[in-house]
Structures are given as structure tokens and as C-alpha cells.
């Protein structure tokens, strides 16, 4: 049922983003500062390239916490639409009632 590997991979990316966020922000400031010499900005861009790819915030993706599914994700519940429907049908989500007509 669950794609544990994708969930674990996403958690690892979150840890890397937190770990390197300050360093990435400082290097980006140096790179975009036009008052600094070109050599210094180029060195900063090389240092930024040496950081792990997964430490970039753009690599993060919202995923269902149960299945690892990346699409149809509800942010408040951190679930995909499929798991939301399934858990709602069984009454496992507080306040959610199955509607029938």
C-alpha cells in the first residue's frame, strides 16, 4: 500500500533543505549583489553548485503521508484524495461524514 521509499526520500530532502537553507541564502545574496567583483560572485556560484542538489527547496514535493502519492494532495490533511476518501468512508477522519444520496 505505502511507498515508504518515496516518503523517506522526501523526508531526507526536507532535512537537507533545513540544514543548508542559511548557507544557500547567503551564497545567493553574494551571487546577486552587483556591487561585488565578478570573481567573488563566480566563486560563490561554484560553492552553491557544490551543495547537494536535494538541499534546494525547489526539489521538495507535497506527498501523501500514507501512500507517497504526489498528485491530488490536500495540504491541511497531508493526504491524497484516494486516502482521504478511504479513511473518510471508514470514519477515521474526525468531523468527516460520508454523504449518501
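Residue numbers (this note's numbering): 16 to 116. Ideal Cβ positions, reconstructed from N, Cα and C, are used throughout, including at glycine. In this text, all values refer to a predicted model and were calculated from it rather than measured experimentally.
- Using a Cβ distance threshold of 7 Å, residue 67 and residue 42 do not count as a contacting pair.
- Exclusion of the five residues before and after residue 108 leaves 92, 99, 102 as the residues of its chain whose Cβ lies within less than 8 Å of its Cβ.
- Where residue 70 is concerned, there is no enclosing alpha helix (DSSP H), because DSSP gives it neither an H nor an E.
- Judged by pairs of C-beta atoms under 8 Å, the region 52-70 touches the region 31-40, as three or more such pairs exist.
- Across the set 81, 71, 52, the C-alpha of 71 shows the shortest separation from the C-alpha of residue 34.
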